[in-house]
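Note that the sequence shown covers residues 571 to 1278 in my numbering.
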Amino acid sequence: MGHGLNLGFRTTFVSDLATCMGTKRKACDTDDVKPKFHPLFSSYNKKIRPILNKLQHFHEGIPVPNIVVIGDQSSGKTSVMESLTGIRFRTTFVSDLATCMGTKRKACDTDDVKPKFHPLFSSYNKKIRPILNKLQHFHEGIPVPNIVVIGDQSSGKTSVMESLTGIRLTRCQTRLPLIISFKNHHEPVPEFLLGYRNKLLRITDESQIPKSIDEATVEIAGKSSKCIFNVPLTLVVRKQGVPNLTLIDLPGITWVRIHDQPENISQQILDIITEYIKLEETIILNVLSAGDIIRTCESIRMSQRVDGIGERTLAVVTKCDLIPEGSFIKEVMANVMGIDHLDYICLRNRINDETFDEARIQEAKLFETHPLLSKLDKSKVGFPVLADKLVQIQSAMISKRFPYIGNKMNEKLNVLIPEHNKLPESNPSVANEMAAFTHIVESIKEALRKILINGEFDEKELYRNQICGNARLNEMIDNLTKELRSSVKFSENFLTEEIRVLEATNGIRLPGYFHESVFKYLINSKIKSIAHLPISFVNEVLAYIESVWAQVLIDLCGDYPQLLCSMRRVMQNVLVKMKKKFMKRVVEHMDEKRTCYTSHPDFVTSYERLIANNHEQFSKAVSSRIEEINIAGYGVINLKHLFGVTPYIPNQAFELKMIMTAYWNIVLNGMVEFLALRLRFQMDGMVNKEIEMEIANKKMVNDFINQM
571 MGHGLNLGFR TTFVSDLATC MGTKRKACDT DDVKPKFHPL FSSYNKKIRP
621 ILNKLQHFHE GIPVPNIVVI GDQSSGKTSV MESLTGIRFR TTFVSDLATC
671 MGTKRKACDT DDVKPKFHPL FSSYNKKIRP ILNKLQHFHE GIPVPNIVVI
721 GDQSSGKTSV MESLTGIRLT RCQTRLPLII SFKNHHEPVP EFLLGYRNKL
771 LRITDESQIP KSIDEATVEI AGKSSKCIFN VPLTLVVRKQ GVPNLTLIDL
821 PGITWVRIHD QPENISQQIL DIITEYIKLE ETIILNVLSA GDIIRTCESI
871 RMSQRVDGIG ERTLAVVTKC DLIPEGSFIK EVMANVMGID HLDYICLRNR
921 INDETFDEAR IQEAKLFETH PLLSKLDKSK VGFPVLADKL VQIQSAMISK
971 RFPYIGNKMN EKLNVLIPEH NKLPESNPSV ANEMAAFTHI VESIKEALRK
1021 ILINGEFDEK ELYRNQICGN ARLNEMIDNL TKELRSSVKF SENFLTEEIR
1071 VLEATNGIRL PGYFHESVFK YLINSKIKSI AHLPISFVNE VLAYIESVWA
1121 QVLIDLCGDY PQLLCSMRRV MQNVLVKMKK KFMKRVVEHM DEKRTCYTSH
1171 PDFVTSYERL IANNHEQFSK AVSSRIEEIN IAGYGVINLK HLFGVTPYIP
1221 NQAFELKMIM TAYWNIVLNG MVEFLALRLR FQMDGMVNKE IEMEIANKKM
1271 VNDFINQM
């Protein structure tokens, strides 16, 4: 069309990005060099570096969030830093760090050296570096978010940093911000530089890193002083295959001044931490001890002040082996953490001179065999999981930069258009351009209709991954139904809640009768307990619809970069409006159910059946002190805890329970039916109405014709 300009922006770019994010990456430099990195770097290499490599030539940076380490004195922050970076910051370290994960190190300049990457680096290399490599010719750079490690003193921050990065760090108290900057190095021999106060020291051997940091700290803060100074030390680590990543260890939070510390020492530390974590391009790695009470933890409160929704905050729970029954573990087990949007990972730090491999083996053994810790969700334990989680957060933060990259591409297109207009005319026709635009829009709508609504099969490879789109949505509905059904169960504390409410609302009235408010209170409590499930369902469905729509746009608009960018904005706007409407109706539906009314005939039938089959059995069991009965459909129920209750209360509570069970089944069935119908209605409106309305609002028709 137009002058037939072909700018070469369609080279399976997005599909390549998706491929790079989901497939393992081959050795990035040479076939025989397979370095092993600590968890933080391995995850980074899998998920972040590929994206950065793809975009490194864009000349526009996506800052990598720093990691600020804070915490009380002696809380273990230095240990966290050591575990994250693999650098030991103590002068007693004598083994050569290039032993990498516990093996004897050969000379690093020989041909047979095959260093292993730690988890953070490996994960980065597999999932992010390929994407950045793909984008390297676009001349736009995407820096990886920095990771800031914070926490109380002695919480284990430095050990976490050691285990993630494979670099051992100093064991002395962190009195200065320590910035560890990793740089990819093409030479086989690593380089280490320590900078502070306009000085730059070269460290000849990795084992000397802890000593060098200690000496720099003494030079700045004094040998016998315990004061905290906001003078950063910058350790630059250049190694082959490591990501361009920055981690920051900050002084630990303390509330008790010691030695020559000023009276406002706590506020000084908090001010330093705030300075680093307030940046939106920073990931906050919040290190806690297993014995901490999370709701009173100052570092958690600080994270929430700058990251209220927790999208760039991750809690790391250390010392699980030392305090396996600590307050945090108990809260997790009881599901009473009381902190919204807080994700967490439980760890076992390296002890004494354990190698990193030995520490990971012991960690895995601990969470597999310990009577209490083995009950933790396996997706919440271990350094490899921590590394993957960090890279997931980095990936999400990097992805927010893509619209900016798209805008920069549009700006470059606008620069090229005048040059394009100088080319000989090819007799373009407005009618032809309009027909092309209409055809593309109708093709997009038809593709979405086939995939999401009709569930039709398509022979083309274009839709091979989405031929079961409608079935995928149905699967999500089935999964939601199962989750909702799991809420209908009779616990070991059978009738305890009903009895508690009945006794609390008892009044001067005939025995055996309860007020309607009792029923409403209990039903509202159950609705509140499952309210998150419909919300999660909506988010999951819309995320899937967005992924399908994005792929359709790539396949149908790939030949028109100008149109692709505009159609993506249309997609985002339509989905935002769709989500807003969907969420509003879901909340309204939940509120409607709180009014406690139904005319469904199954309600009475179900209630009468439950009473007829179980009431007499229950009454006899309680009066005869039979400890267990079997209720059809709900299994064996323990009644021992009901023997000391006022005689008529258990029967009244049982009747109340049966009424609630019958009504709750009606509520759940109606909820699933409502969500399914609402989803179909929303998708119909999206395809048949909303897309065209949004295009009209954006005046895309004229813009498209003018650009073409």
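Where a beta carbon is used, it is the ideal one built from N, C-alpha and C, also for glycine.
Check: Pull up the CB-CB distance for I843 and V638, whole angstroms please, since I reckon it's below 8 Å.; Outcome: 6 Å
Check: Out of V714, N1235, K900 and Y1091, state which residue places its alpha-carbon closest to the alpha-carbon of V961.; Outcome: V714
Check: Looking only at its chain, what residues have a beta carbon closer than 8 Å to the beta carbon of A588, apart from the 5 residues adjacent to it on each side?; Outcome: Residue placement at A588 cannot be trusted, given a pLDDT of 38 that sits under 50; what the coordinates show is reported in the next sentence. Cβ neighbours of A588 beyond the five flanking positions: none.
Check: Which value, in whole angstroms, describes the spacing of the CA atoms of G952 and R1042?; Outcome: 32 Å
Check: Would you list the one or two residues that DSSP bridges to K897?; Outcome: In the sequence on display, residue 897 carries Ser and not Lys. None; S897 has no bridge partner.
Check: Just to confirm the assignment, what range does the beta strand (DSSP E) spanning A1120 have?; Outcome: Not the beta strand (DSSP E): A1120 falls in the alpha helix (DSSP H), residues H1102 to C1127.
Check: Assuming L855 and V1071 are in contact, meaning their beta carbons sit under 8 Å apart, how far apart are those beta carbons, in whole angstroms?; Outcome: Between V1071 and L855 the Cβ distance is about 43 Å, and since that is not below 8 Å, they are no contact.
Check: For the structure I just gave you, are there three or more beta carbon pairs, one from the segment 1084-1102 and one from the segment 1126-1143, closer than 8 Å?; Outcome: no
Check: Figure out for me which residue from L763, A786 and R767 has the closest Cα to the Cα of D775.; Outcome: L763
Check: Does the distance from the CB of D722 to the CB of S869 come in under 8 Å?; Outcome: yes
Check: If we call anything under 8 Å between Cβ atoms a contact, is V887 one with I853?; Outcome: no
Check: Assuming V1242 and L1050 make a contact with CB atoms under 8 Å, what is their CB distance in whole Å?; Outcome: 7 Å
Check: Check each candidate in E1225, L1209, N1208 and D819 and name the one with the smallest Cα separation from V1174.; Outcome: E1225
Check: Looking at T804: is its Cβ nearer than 8 Å to the Cβ of I717?; Outcome: no
Check: Can you tell me whether DSSP reads K1190 as helix, strand or coil?; Outcome: helix
Check: Per the DSSP calculation, S751 is bridged to which residue(s)?; Outcome: V806 and T816
Check: Can you grab the Cα-Cα spacing for the pair N530 / G878, in whole Å?; Outcome: Lying before the first or after the last residue shown, residue 530 is absent from the chain, which here runs from 571 to 1278.
Check: Between P988, I698 and N814, which has its C-alpha nearest S965's C-alpha?; Outcome: I698
Check: Would you check if the distance between the CB atom of W1234 and the CB atom of K1096 is smaller than 8 Å?; Outcome: yes
Check: Report all residues from its chain with a CB closer than 7 Å to the CB of S1189; omit the five preceding and five following residues, and keep chain order.; Outcome: N1221
Check: Per DSSP, what kind of secondary structure is F762 in: helix, strand or coil?; Outcome: strand
Check: Compute the beta-carbon to beta-carbon distance between G646 and G726, rounded to the nearest angstrom, for a pair I have assumed lies under 8 Å.; Outcome: 3 Å
Check: Measure the alpha-carbon distance for K1210 versus S1056 and round it to whole angstroms.; Outcome: 24 Å
Check: Per DSSP, G721 forms a beta bridge with which residues?; Outcome: V857
Check: Does the beta-carbon of T816 have 16 or more other beta-carbons within 10 angstroms, so that it is buried, or is it exposed?; Outcome: buried
Check: Starting from the Cα of L770, find the closest Cα among I863, M1160, F752 and V806 and give me that residue.; Outcome: V806
Check: How about P1104 and L1245: are their beta carbons less than 8 Å apart?; Outcome: yes
Check: Given M1263, which residues of its chain have a CB within under 7 Å of its CB, disregarding the five upstream and five downstream residues?; Outcome: none
Check: How about R918 and D891: do their beta carbons lie closer than 8 Å?; Outcome: yes
Check: How many angstroms separate the CA atom of E1031 from the CA atom of D1125?; Outcome: Caution is warranted here: a pLDDT of 42 is assigned to E1031, below 50, making its placement in the model unreliable, and no coordinate value can be reported.
Check: Just to confirm before moving on: does the CB-CB distance between R745 and I798 stay below 8 Å?; Outcome: yes
Check: Considering only residues of the same chain and omitting the five flanking positions on each side of S649, which have a CB-CB separation below 6 Å?; Outcome: G726, T728, S729 and N919
Check: Tell me the residue span of the alpha helix (DSSP H) that contains R772.; Outcome: That residue, R772, is in no alpha helix (DSSP H); its beta strand (DSSP E) goes K769 to I773.
Check: Which class does N716 belong to by DSSP, given the choice of helix, strand or coil?; Outcome: strand
Check: Which of the three DSSP states, helix, strand or coil, is assigned to V1242?; Outcome: helix
Check: Among all the DSSP beta bridges, which residues are the ones paired with D913?; Outcome: L884
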